[in-house]
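Report on the structure given below.
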Amino acid sequence: MEVEKMREQPPLQSKCRILDSRCALNDLYPITRLTQKLDVLNMSSSSKIDKECPYTIEPVQPEDTEAVLAMLKTFFFKDEPLNTYLDLGECKDLEEYSMKPIKDNCSYKAVNNKGEIIGVYINGLIKRPSPTDTAKKSTCSHPKFQKILSLMDHVEENFNIFDLYPNEDVILDGKILSVDSNYRGLGIAGRLTERAYEYMRSNKISVYHVICSSQYSARVMEKLGFHEVYKLNYADYKVDGETVFKPAQPHVAIRVLVKEVDKSKSTL
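Okay, so the sequence shown: first residue is 19 according to the working numbering, each after it adds one.
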């Protein structure tokens, strides 16, 4: 899962590991103010957007697919570190993969007063597999994107989120969080995340799961109260003895982070 770039670089850890810990339930707190502060760090001095610009948070609908893709092509795909390292370029398989979770009806968009999408949080649902289910390898026709899918398969093979949460049958999975760079400083990322928390409470879901391939995105999620439960250094992921990914610093690992939300509390 990815968000816009942050410049802070936390201490790096050297080993692939699973942190077998579960924090106490985190209460929903006013993350909008926090993300406003985070967004300001990335604001361009040339931005001409009125910082009081009104916007609304709405569910992403199937008919939004084209507009959402256009935004992600401009503000997300080209900056994701694995895409950049592989020089992925235009990739229909990536686009289909990114839009697939919309069918779960738990993704949200920020819309300005002109009807333009200025932020999006693509979410999906992870359901506990039955004992008879067998893992299926992800495949696609694009050889570079297949490398990314194979990495994701490797993470899933080595870390099962339901082992950490044996009492959960459904978990919310944050796929992509992205905000139009012209609209930073409005707390959009925070409000999109708050809306996802409301969905969790309404549907009795208590665990929010994200996979971060970028150190910037992992840092942002940690500031929003997420904590790490699994980490794989890119240097330790090899195929036929060869390291597959060597993205630029500070992106040294793929990480799984979670946040527990008390589903017994009412939505805000």
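All residues carry an ideal CB built from backbone N, CA and C; glycine is no exception. Fair warning: this is a prediction, and the values are worked out from it, not measured in the lab.
C-alpha of LEU106 to C-alpha of HIS160: approximately 9 Å in a straight line.
The beta strand (DSSP E) runs lying completely inside the region 117-142 and spanning 3 residues or more are 126-130, given in chain order. Restricting attention to ASP111, LYS118, ALA128, LYS154, the CA atom closest to the CA of GLU212 is found in ALA128.
For SER125 against TYR139, the beta-carbon gap comes to about 6 Å, under 8 Å, which counts as contact.
The bridge partners DSSP lists for CYS230 are ARG273.
Rounded to the nearest whole angstrom, the C-alpha separation of GLY137 and ASP82 is 12 Å.
With 16 or more other Cβ atoms inside 10 Å of its own Cβ, GLY208 counts as buried.
In the DSSP assignment, SER196 falls within the unbroken beta strand (DSSP E) covering 188-197.
If you draw a straight line from the Cα of SER156 to the Cα of SER168, it comes to about 7 Å. HIS245 is positioned such that its CB atom lies no closer than 7 Å to that of ILE179. Your pair ASP198 and MET89 checks out as a contact, with CB atoms roughly 7 Å apart and the cut at 8 Å.
Under the three-state reduction of DSSP output, LEU106 falls in the coil class, being neither helix nor strand. Between VAL274 and TYR215, the C-beta spacing is not below 7 Å. In this structure, the CA atom of PRO80 is about 42 Å from the CA atom of GLY259. Taking the C-beta atoms as reference points, ALA266 is found no nearer than 7 Å to ASN251. Secondary structure of TYR201 (DSSP, three-state): helix.
Around the Cβ of LYS96, a 10 Å sphere holds fewer than 16 other Cβ atoms; the residue is exposed.
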